[in-house]
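**Student:** Heads up: the sequence lines are chains Y and Z, in that order.
Position 69, counted from 1, in the first sequence is what this note's numbering calls 69; the numbers after and before it change by one each time, with no gaps.
Position 92, counted from 1, in the second sequence is what this note's numbering calls 92; the numbers after and before it change by one each time, with no gaps.
Beta carbons are placed, not taken as given, at the ideal position from N, Cα and C, and that holds for glycine.
Being a predicted model, the structure only gives us computed values, none of them experimental.
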Amino acid sequence: MISNGKSKTVIELHVNGDSHEVTVRSGDTLLDTLREQLGLSGAKRACENGDCGACTVLADGKPIHSCLSLAIEASDQSLMTIEGLMGSPIQQVFVNKWAIQCGFCTPGFILNCHALATEHPNASDEVIEEWMSSNLCRCTGYQEIREAVQSVVRASGNG
Amino acid sequence: MIPFDFEYYKPTTAAEAGETYQHLQEQGKTVMYYNGGTEFITLARVNQITADAIIDLKGIPEVRALELQGDLLVIGCSVTLNQIAESPYFPLLAQTVKGIADHTSRNKITIGGNLGSRLAYREGVLPLLLTDCKVKVAGGRSGERVVPLTQVFEKQLNLEPGEFLLQILIDQQYLNLPFVHLKKTKHSKVDYPLVSVAALVKDKAIRMAFSGICEYPFRLGEIEEVVNNTTFARKEQLKQVVAKLPAAIVDDLQGSAGYREFVFRNVLRETIDALEWAQK
Numbered sequence: 001m002i003s004n005g006k007s008k009t010v011i012e013l014h015v016n017g018d019s020h021e022v023t024v025r026s027g028d029t030l031l032d033t034l035r036e037q038l039g040l041s042g043a044k045r046a047c048e049n050g051d052c053g054a055c056t057v058l059a060d061g062k063p064i065h066s067c068l069s070l071a072i073e074a075s076d077q078s079l080m081t082i083e084g085l086m087g088s089p090i091q092q093v094f095v096n097k098w099a100i101q102c103g104f105c106t107p108g109f110i111l112n113c114h115a116l117a118t119e120h121p122n123a124s125d126e127v128i129e130e131w132m133s134s135n136l137c138r139c140t141g142y143q144e145i146r147e148a149v150q151s152v153v154r155a156s157g158n159g
Numbered sequence: 001m002i003p004f005d006f007e008y009y010k011p012t013t014a015a016e017a018g019e020t021y022q023h024l025q026e027q028g029k030t031v032m033y034y035n036g037g038t039e040f041i042t043l044a045r046v047n048q049i050t051a052d053a054i055i056d057l058k059g060i061p062e063v064r065a066l067e068l069q070g071d072l073l074v075i076g077c078s079v080t081l082n083q084i085a086e087s088p089y090f091p092l093l094a095q096t097v098k099g100i101a102d103h104t105s106r107n108k109i110t111i112g113g114n115l116g117s118r119l120a121y122r123e124g125v126l127p128l129l130l131t132d133c134k135v136k137v138a139g140g141r142s143g144e145r146v147v148p149l150t151q152v153f154e155k156q157l158n159l160e161p162g163e164f165l166l167q168i169l170i171d172q173q174y175l176n177l178p179f180v181h182l183k184k185t186k187h188s189k190v191d192y193p194l195v196s197v198a199a200l201v202k203d204k205a206i207r208m209a210f211s212g213i214c215e216y217p218f219r220l221g222e223i224e225e226v227v228n229n230t231t232f233a234r235k236e237q238l239k240q241v242v243a244k245l246p247a248a249i250v251d252d253l254q255g256s257a258g259y260r261e262f263v264f265r266n267v268l269r270e271t272i273d274a275l276e277w278a279q280k
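(1) For Gly103/Y, return the contacting residues in chain Z, with the cut-off set at a CB-CB distance below 9 Å.
(2) In or out: Cys102/Y buried (at least 16 other Cβ within 10 Å) or exposed?
(3) Can you tell me where the alpha helix (DSSP H) with Ile111/Z in it begins and where it stops?
(4) Thinking just about the alpha-carbon of each residue, which of Gln156/Z, Ala15/Z, Lys58/Z, Tyr8/Z is nearest to the one in Gly143/Z?
(5) Roughly how far, in whole angstroms, is the beta-carbon of Val153/Y from the beta-carbon of Ala123/Y, given that I think they are within contact range, below 8 Å?
(6) For the stretch 108-137 of chain Y, which segments carrying the alpha helix (DSSP H) assignment without a break, of at least 4 residues, lie completely within its bounds, in sequence order?
(7) Return the bridge partner residues of Gly76/Z from the DSSP annotation.
(8) Count the other CB atoms within 10 Å of the CB of Leu253/Z; is the residue buried (16 or more) or exposed (fewer)?
(9) So, Ser78/Z versus Ile60/Z, is the Cβ gap smaller than 9 Å?
(10) Between Ser188/Z and chain Y, is there a C-beta pair that is closer than 9 Å?
(11) Should the stretch 95-110 of chain Y be regarded as contacting the stretch 132-143 of chain Y, the criterion being three or more beta carbon pairs within less than 8 Å?
(12) Does the ligand MG have a heavy atom nearer than 8 Å to the CB of Pro61/Z?
(13) Please determine, among Phe262/Z, Ala199/Z, Val137/Z, the residue with the shortest C-alpha to C-alpha distance to Ile285/Z.
(14) Is the beta carbon of Gly61/Y sitting closer than 9 Å to the one on Thr118/Y?
(15) Please tell me whether Arg25/Y has its Cβ less than 9 Å away from any Cβ of chain Z.
(16) Would you say Asn4/Y lies against chain Z (beta-carbon separation less than 9 Å)?
(17) What's the gap between the Cα of Gln69/Z and the Cα of Gly17/Y?
(18) With C-beta atoms as the reference, is Gly112/Z less than 9 Å away from Leu72/Z?
(19) Within the chosen definition, does the stretch 23-39 of chain Z reach the stretch 37-48 of chain Y through at least 3 CB pairs nearer than 8 Å?
(20) Whole-angstrom Cβ separation of Gln167/Z and Val74/Z, contact assumed at under 8 Å?
(21) Is the beta carbon of Val152/Z closer than 9 Å to that of Phe264/Z?
(22) Might you give, ordered along the chain, the residues of its own chain that have their beta carbon closer than 6 Å to the beta carbon of Gly84/Y, omitting 5 neighbours on each side?
(23) Any beta carbon from chain A within less than 9 Å of Tyr8/Z's own beta carbon?
(24) Unbroken alpha helix (DSSP H) runs of length 4 or more, entirely within the stretch 143-227 of chain Z: which are they?
(25) When we look at the beta-carbon of Ala51/Z and count the other beta-carbons within 10 Å, is it buried (16 or more) or exposed?
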């Protein structure tokens, strides 16, 4: 048994290269734990239903909805939040392309884009669309986001 | 956040998972097996589902298998839809699961979870119904057993209390046959299907399985007899297939029954047209 369902459980989360001991309820989502215990507020709470992608983080390099993951099941994974990409070239590309607007969805898009460029450095436009359709932008700034992602992917392919 | 607490177990063998389930059930607890967890978290958050304990299956090595073993393709129940979509073994299954949910969600949704879903679509089962595949089931009082999929899946996954799907076993002869997968949605690519069809040709006969059109996924011999009767004109085939559907056509906000039937006929026509060369 990892959690007895009555008292909180101490687990270790590996986030952005650091290990953190956190005390969680079995029902705490990864999103709750990152935001409220580790102060990593880059992952946004929005639909909490896996529909919008605002809470996207990377688990072992793969994008996941942190609202649809329990903190307790993430303890053996290497996690990355948007705070782990602070000051990165990809962040600057999104700024340069004006792929930001209100900024609420931006962390999710950037993390998804980072995983895509890492896994598929020569991704076609079709693959880019498939990956990016996991994220919604309510400002509807999709054209600028598309250009930013294409730019990042092309740069990673050339590198 | 899930508004209730539950015991969380992560066994490392199938036997341990089954024993844990039995032990907890004997204590009168509501127990659930847990794979990707997307459906559990979604429903638990809004109190549509509850559990005293969950047993996370992902610590069991067999449930993560995705490989050829002799003449069989073995797929563990905790393999994610993206892992299947990116694997080279069974292109029809890869294409079908690629149409389920969005890319990020598919990193969490598992094939076992899709087959056991409470939602009506369960599209991952469609290619499996075409292959006469078997499944390895564990956790029950009788231990592990290998049975034809159709013995435990009719409309939905019907396992004995305490049992869980361990692996799917598909004969290699089905993996690279001519196939078609079509999914039609009302608005966007990421949506539930109005109609989803998986089809393949085996021994010059088309096999077809459907989701979306009726309230459960199905494959029906009577429909395949009509589809493979080349003496019928196409229009007559479509009419007869619609007449042989096993249940009423779904009529809901996503699509009226009339609209779904229209889409279904077009999908059927497109599928047969695409595969009729392989019938000759």
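**Tutor:** Short version:
(1) Looking up residue 103/Y in the first sequence gives position 103. Near Gly103/Y there are no residues of chain Z at all, since even the closest Cβ is about 19 Å away, more than 9 Å.
(2) Position 102 of the first sequence, counted from the start, is the residue given in the question as residue 102/Y. That one is exposed.
(3) What you label residue 111/Z is simply residue 111 of the second sequence in a count that begins at 1. Where Ile111/Z is concerned, the enclosing alpha helix (DSSP H) stretches over 111-115.
(4) Counting from 1 along the second sequence, the entry for residue 143/Z is found at position 143. Minimum Cα distance to Gly143/Z is reached at Ala15/Z.
(5) Here residue 153/Y refers to the residue found at position 153 of the first sequence. Here residue 123/Y refers to the residue found at position 123 of the first sequence. About 5 Å separates the two Cβ atoms, so the contact holds.
(6) 125-132
(7) Translated into positions along the second sequence, residue 76/Z becomes position 76. Paired residues: Gln167/Z.
(8) Translated into positions along the second sequence, residue 253/Z becomes position 253. Exposed, since its Cβ has fewer than 16 Cβ neighbours within 10 Å.
(9) Numbered from 1 along the second sequence, position 78 holds the residue referred to as residue 78/Z. Numbered from 1 along the second sequence, position 60 holds the residue referred to as residue 60/Z. Contact: yes.
(10) As a first step, residue 188/Z is located in the second sequence; it is residue number 188 there, counting from the start. Yes, Ser188/Z lies at the interface with chain Y (some Cβ there is under 9 Å from its Cβ).
(11) yes
(12) Although the ligand MG was asked about, the structure shown includes no ligands whatsoever.
(13) The structure shown does not extend to residue 285/Z, since chain Z is modelled only from 1 to 280, so the question has no answer here.
(14) Mapped onto the first sequence, residue 61/Y falls at position 61. Mapped onto the first sequence, residue 118/Y falls at position 118. Closer than 9 Å, so yes.
(15) The residue labelled residue 25/Y in the question sits at position 25 within the first sequence. Closer than 9 Å to some Cβ of chain Z, the Cβ of Arg25/Y qualifies, so yes.
(16) As a first step, residue 4/Y is located in the first sequence; it is residue number 4 there, counting from the start. Answer yes: the Cβ-Cβ gap between Asn4/Y and chain Z drops below 9 Å somewhere.
(17) The residue given as residue 69/Z occupies position 69 in the second sequence. The residue given as residue 17/Y occupies position 17 in the first sequence. If I take the Cα positions, the gap works out to 37 Å.
(18) Residue 112/Z sits at position 112 when you count from the first residue of the second sequence. Residue 72/Z sits at position 72 when you count from the first residue of the second sequence. Against a cut-off of 9 Å, the Cβ pair of Leu72/Z and Gly112/Z comes out as no contact.
(19) no
(20) Along the second sequence, one-based indexing puts residue 167/Z at 167. Along the second sequence, one-based indexing puts residue 74/Z at 74. Right, their Cβ atoms sit about 6 Å apart.
(21) Numbered from 1 along the second sequence, position 264 holds the residue referred to as residue 264/Z. Numbered from 1 along the second sequence, position 152 holds the residue referred to as residue 152/Z. Against a cut-off of 9 Å, the Cβ pair of Val152/Z and Phe264/Z comes out as no contact.
(22) Position 84 of the first sequence, counting from 1, holds the residue named residue 84/Y. Excluding sequence neighbours, Gly84/Y sits near Asn16.
(23) Within the model displayed, chain A is absent; protein chains Y and Z are what it includes.
(24) 149-152, 221-227
(25) Within the second sequence, residue 51/Z is the residue found at index 51, counting from 1. By the 10 Å Cβ count, Ala51/Z comes out buried.
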